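One structure is given below, encoded as structure tokens.
2 protein chains.
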Amino acid sequence: MITGVASYSDTEKRALSAYTKLMRAAESVTGRTSRILADFNLTVSQFGVLEVLFHKGSLCQSELAAKILKTTGNITMVIDNLEKRSLVRRERDLDDRRFIAIHLTESGYLLIAQVFPSIMEAIVNEMSILQESEQDELARLCRIIGLQEERCLES
Amino acid sequence: MITGVASYSDTEKRALSAYTKLMRAAESVTGRTSRILADFNLTVSQFGVLEVLFHKGSLCQSELAAKILKTTGNITMVIDNLEKRSLVRRERDLDDRRFIAIHLTESGYLLIAQVFPSIMEAIVNEMSILQESEQDELARLCRIIGLQEERCLES
DNA sequence: TATTATTAGTTTAATGTTGAGATATTTAAT
DNA sequence: ATTAAATATCTCAACATTAAACTAATAATA
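Structure (structure tokens):
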């Protein structure tokens with residue numbers, strides 16, 4: 001069986017190591033927090049929508065899509081599923097009928113108000129393995145990597 | 001419209017900032033590399049499988065699942081789709097008939113041998129915005145976060 | 001040997017995800 | 001006013017993803 005060559009330059013080794021560990025770190029944190037969400041019968045996307053509504057107030061679907069970095073087609077389905085459980089409700093904008101405002105319902109508000117602190121606690125716990133200065137440095141480096149997105153959207 | 005309180009402790013603010021930026025960084029890098037894969041009609045998971053086979057040689061499905069951090073049920077579908085395109089082939093193990101070895105085909109080998117350098121180049125490019133020492137530090141910090149996974153699997 | 005785990009893989013139901021195309025609505029331009 | 005462009009949402013097909021239930025094969029044990 002012929003397999004690929006494994007000779008990389010130092011530059012490649014260094015970048016690949018950073019890339020691989022960045023991906024694993026994100027996957028592993030997401031894996032653990034999504035287990036908490038599963039206890040509340042919520043997916044990551046559903047939590048994302050509820051959390052945005054909780055902190056930013058009612059928004060339309062395209063705004064929600066931009067906030068959680070998903071397509072509008074996807075948001076339609078996520079909202080459908082949240083609406084089935086009466087956690088959010090749709091309200092057509094009367095001035096501009098293209099827009100649909102999404103509101104938290106009473107039970108949606110109560111749920112996210114309960115779930116969010118659990119997730120916050122888990123995040124603090126995840127990061128507590130790093131010193132404060134290390135958390136700040138991780139944030140700084142990741143911010144630089146993440147900001148490259150905009151370069152791409154411009155093109 | 002009542003929205004959630006936004007008063008966090010310094011510890012919470014610090015952890016949340018690191019968490020958010022880690023997630024955004026991973027999403028944004030994945031977004032850009034997956035666009036390259038799309039040019040080759042490959043999904044991230046399909047690439048993951050081909051790349052592991054390319055570098056590690058033939059493996060069974062449960063080993064592939066462990067390598068790309070997905071369930072065996074998911075691997076069944078990913079392999080199905082790769083097999084439809086004749087990029088891999090299944091071979092039942094004759095000694096232990098529970099196992100199915102997955103092999104790269106000739107065309108699968110040629111494809112991944114072409115795609116991998118493109119992805120490598122993109123990764124080097126992504127990371128090149130950081131200095132060498134910063135890439136090493138990012139790798140170190142992410143590795144610590146990622147290693148917490150094992151604590152969880154023990155429980 | 002017969003029974004009981006354990007393991008590898010598949011299937012199913014539910015949800016997510018994207019990109020492309022369709023619909024409805026609004027705005028801009030002629 | 002009509003037409004054209006832009007915008008918001010929805011629909012659809014294809015693939016991804018998981019958990020849980022299931023089949024088949026092997027290993028362990030009484």
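As they're listed, the protein sequences go chains L and E.
First residue of the first sequence? That's 1 in our numbering, and the numbers climb one at a time after it.
First residue of the second sequence? That's 1 in our numbering, and the numbers climb one at a time after it.
Don't be surprised by glycine CBs; every beta carbon is placed ideally from N, CA and C.
Quantities reported herein were computed from a predicted structural model and do not represent experimental measurements.
Rounded straight-line distance, which links the Cα of residue j to that of residue i
i: residue 99 of chain E; j: residue 91 of chain E; result: 9 Å
i: residue 86 of chain L; j: residue 144 of chain L; result: 39 Å
i: residue 10 of chain E; j: residue 137 of chain L; result: 16 Å
i: residue 108 of chain L; j: residue 31 of chain L; result: 23 Å
i: residue 119 of chain L; j: residue 106 of chain E; result: 47 Å
i: residue 57 of chain L; j: residue 96 of chain E; result: 58 Å
i: residue 41 of chain E; j: residue 111 of chain E; result: 11 Å
i: residue 63 of chain L; j: residue 36 of chain L; result: 26 Å
i: residue 77 of chain E; j: residue 48 of chain E; result: 14 Å
i: residue 155 of chain E; j: residue 128 of chain E; result: Unreliable placement is indicated for residue 155 of chain E, whose pLDDT of 30 sits below 50; no coordinate value is reported for it.
i: residue 151 of chain L; j: residue 93 of chain E; result: Bear in mind that a pLDDT of 44 at residue 151 of chain L, under 50, signals an unreliable position, so the number given afterwards is only what the model happens to contain. Rounded to the nearest angstrom, the two C-alpha atoms are 49 Å apart.
i: residue 71 of chain E; j: residue 20 of chain L; result: 20 Å
i: residue 55 of chain L; j: residue 61 of chain L; result: 16 Å
i: residue 142 of chain L; j: residue 59 of chain E; result: 34 Å
i: residue 16 of chain L; j: residue 28 of chain E; result: 16 Å
i: residue 51 of chain E; j: residue 117 of chain E; result: 11 Å
i: residue 38 of chain E; j: residue 73 of chain E; result: 23 Å
Assigned exposure category for residue i - 16 Cβ within 10 Å defines buried
i: residue 126 of chain E; result: buried
i: residue 131 of chain L; result: exposed
i: residue 14 of chain E; result: buried
i: residue 84 of chain E; result: exposed
i: residue 44 of chain E; result: exposed
i: residue 53 of chain L; result: buried
i: residue 22 of chain E; result: buried
i: residue 153 of chain E; result: Note that residue 153 of chain E scores 34 on pLDDT, short of 50, meaning its location in the model is unreliable and no value can be drawn from it.
i: residue 7 of chain L; result: exposed
i: residue 133 of chain E; result: exposed
Under 9 Å by beta carbon: chain E residues contacting residue i
i: residue 136 of chain L; result: 14, 17 and 18
i: residue 139 of chain L; result: 14, 17, 18, 19, 20, 21 and 22
i: residue 69 of chain L; result: 24, 27, 28 and 31
i: residue 120 of chain L; result: 8, 12, 15 and 16
Residues sharing a beta bridge with residue i, DSSP
i: residue 89 of chain L; result: L:103
i: residue 60 of chain E; result: E:101
Check whether residue i and residue j have beta carbons under 7 Å apart
i: residue 18 of chain L; j: residue 148 of chain E; result: no
i: residue 82 of chain L; j: residue 46 of chain L; result: yes
i: residue 88 of chain L; j: residue 68 of chain L; result: no
i: residue 146 of chain E; j: residue 25 of chain L; result: yes
i: residue 12 of chain L; j: residue 115 of chain E; result: no
i: residue 65 of chain L; j: residue 79 of chain L; result: no
i: residue 139 of chain L; j: residue 33 of chain L; result: no
Contacts of residue i in chain L (Cβ-Cβ under 7 Å)
i: residue 123 of chain E; result: 15, 16 and 19
i: residue 143 of chain E; result: 21
Listed by chain order, chain E residues near residue i by CB distance under 7 Å
i: residue 132 of chain L; result: 14
i: residue 146 of chain L; result: 21, 24, 25 and 28
i: residue 11 of chain L; result: 124
Residues that residue i contacts on chain L, provided the C-beta gap is smaller than 8 Å
i: residue 129 of chain E; result: 144, 145 and 148
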